[in-house]
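J.: Here it is, the structure, as structure tokens.
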Amino acid sequence: MADEKDKLGISGVKDTSRASEVERASGVHEVEEVKKTEGILGVKGAKKLAGARSTQSFSAADREKLFKLVDEEAKKMFGDGPIPQAQKRAIDAVKMAINASAPEGEGEEESEPQES
Amino acid sequence: MTTPNDENDDSSPGTLSLEEANLLVEEHAGWAESIARSVARAWNLDWQQDGLDGAAMEALIFCSRRFSPDRGVPFRGYARRRIHEASTEAARKSKGWVKQESSTQQERLAREVSVELFHLFPELRSGQLPSVLDETSGEQATRASIRQLLIGATLLTTRQGLASLDPDELLDCKNTIMLLCRLEPVHQEILWRIYWDSDSMRSIAVSWDTDELNVIREHKALLKYLQKAVGQTKPVPPPRVRPGLKTIALKLKREGVHGSFSQYNKEIGGRNG
């Protein structure tokens with residue numbers, strides 16, 4: 252242990268019986284004036300956040316338009332032919348969810364900011 | 051939704067006095083009822099007889115007691131999701147939900163899927179369409195959000211269809227399963243756990259010791275791929291694993307995981323000889 256201390260250059264504690272007085276901090280003689288900051292030369296434009304997402308609120312007034320878009324997108328996705336039962340249910344479920352999310356009369360009043 | 055039994059319990063800093071909270075309830079009662087009515091309307095229920103009015107009011111009172119203006123969120127923004135959730139919960143437990151003689155089996159199944167859509171896309175409860183990763187806006191963004199909803203719903207109806215006895219429906223669902231089998235194992239795991247096991251994206255992230263945002267973004271990318279691939283006769287190349295989940299993908303491969311859909315398909319194939 253002692254050898255290791257020597258290697259690291261740490262010497263032992265010599266005397267613990269006496270403590271020297273802590274000297275008073277001397278007064279502050281001078282404070283330099285705060286200098287003016289130099290003019291800001293330019294600010295770079297904020298870059299677009301990767302994957303930034305925008306929110307799209309809708310109201311009861313938008314419902315019919317959204318249903319129409321659901322039908323159009325479903326047609327593109329599933330094709331023009333007869334739609335299988337499972338996909339028909341998917342279309343109905345999306346319309347139900349939109350319908351249940353749009354309270355009557357909300358589109359007419361002032362829009363409220365959404366919870367972040 | 052639970053409500054505090056003792057109103058004095060809810061005295062967290064910044065909350066309103068009881069009088070102020072009651073004023074909020076009075077002011078927003080009509081709005082809360084309109085949320086309950088919209089939920090009832092979508093599922094052909096009676097908003098009063100099926101108890102949606104009571105659930106919405108209970109949630110409104112609960113929110114008024116917990117609302118703190120200091121947080122800088124408007125009351126409606128704070129309360130809407132909770133009132134909607136309480137209304138849908140009440141709807142699912144109502145007599146009208148269980149006994150709808152007029153509705154067909156297809157309608158009942160579609161209703162179940164629409165409830166699950168609220169779990170997958172909770173922003174719907176706030177009257178918002180799911181966000182998209184692309185930098186699109188306007189109608190393009192609306193269409194992209196709708197495609198996400200349609201694909202999410204299709205995966206849910208595929209799960210339903212596999213339990214169906216109708217051979218035509220089984221065949222359609224098998225095609226979707228074949229498409230999912232082409233995905234990377236890590237992607238199969240994400241979709242299986244979300245749509246088949248009803249796991250949340252947060253719980254998947256926790257189990258993989260990664261950020262939830264990695265799973266959310268991967269999920270959105272997968273839905274985008276499926277939008278292109280569903281209904282196509284030519285195969286569309288499956289998406290690559292994004293950097294955020296590469297370590298997990300490698301780990302799964304090292305462990306010999308082939309993906310839950312591949313495994314499922316193998317089992318079904320084995321059962322059918």
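Sequence order for the protein chains is G and R. Heads up, the first sequence is in the working numbering, so the first residue is 252 and it goes up one at a time. Heads up, the second sequence is in the working numbering, so the first residue is 51 and it goes up one at a time. Even for Gly, the Cβ is constructed at its ideal location relative to N, Cα and C.
1) Using a threshold of 7 Å, is the CB atom of V280 of chain R nearer than that to any non-hydrogen atom of the ligand NAP?
2) Find the nearest neighbour of L276 of chain R within the set R:Q210, R:S88, R:R197, judged by alpha-carbon distance.
3) Beta carbon of F117 of chain R, beta carbon of L68 of chain R: below 8 Å?
4) Between P335 of chain G and chain R, is the shortest Cβ-Cβ distance under 8 Å, so that the two count as touching?
5) Taking DSSP as the reference, what is the three-state secondary structure of S144 of chain R?
6) Is A312 of chain G close to chain R, meaning its C-beta is less than 8 Å from at least one C-beta of that chain?
7) Hey, C223 of chain R and S312 of chain R: beta-carbon distance below 8 Å or not?
8) What is the residue span of the alpha helix (DSSP H) that V280 of chain R lies within?
9) Leaving aside the five residues before and after A255 of chain R along the sequence, list all residues of the same chain whose C-beta is less than 7 Å from its C-beta, in chain order.
10) Any beta carbon of chain R sitting closer than 8 Å to that of E324 of chain G?
11) Out of curiosity, what's the CA-to-CA distance linking F125 of chain R and Y314 of chain R?
12) Please look up how many angstroms separate the CB atoms of V286 of chain R and K274 of chain R, rounded, as I've assumed it's under 8 Å.
13) What first and last residue would you give for the alpha helix (DSSP H) that runs through L218 of chain R?
14) Under 8 Å, Cβ to Cβ, is there at least one residue of chain G near E219 of chain R?
15) So, is the C-beta of S88 of chain R closer than 8 Å to a C-beta in chain G?
16) Is it right to say L73 of chain R is buried, meaning 16 or more other beta carbons lie within 10 angstroms of its own, or is it exposed?
17) Could you check whether the segment 331-346 of chain G touches the segment 231-240 of chain R, counting it as contact only if at least three pairs of C-beta atoms, one from each stretch, sit closer than 8 Å?
18) With a threshold of 16 other CB atoms inside 10 Å of the CB of D100 of chain R, please say whether the residue is buried or exposed.
19) Under 8 Å between the Cβ atoms of R175 of chain R and H134 of chain R?
20) Using CA coordinates, which residue listed in R:Q156, R:A109, R:R161 is at the minimum distance from A136 of chain R?
21) Starting from the beta carbon of W93 of chain R, find every residue of chain G whose beta carbon is closer than 8 Å, and list them in chain order.
22) In this structure, how does DSSP classify L272 of chain R when only helix, strand and coil are distinguished?
23) Pick from R:T154, R:R161, R:I318, R:P180: whose alpha carbon is nearest that of H269 of chain R?
24) Pick helix, strand or coil for Q238 of chain R, following the three-state DSSP scheme.
25) What does the alpha-carbon distance come out to for the pair V307 of chain R and L200 of chain R?
T.: Let me spell this out:
1) Ligands displayed in this structure: none; no statement on the ligand NAP is therefore possible.
2) R:R197
3) no
4) yes
5) coil
6) no
7) no
8) Per DSSP, V280 of chain R belongs to no alpha helix (DSSP H) and is neither H nor E.
9) D261, E262, N264, V265
10) yes
11) 46 Å
12) That pair is no contact at about 11 Å.
13) According to the sequence displayed, residue 218 of chain R carries Asp and not Leu. Run containing D218 of chain R: 217-231, per the alpha helix (DSSP H) assignment.
14) yes
15) yes
16) exposed
17) no
18) buried
19) yes
20) R:A109
21) M347, A351
22) helix
23) R:P180
24) helix
25) 29 Å
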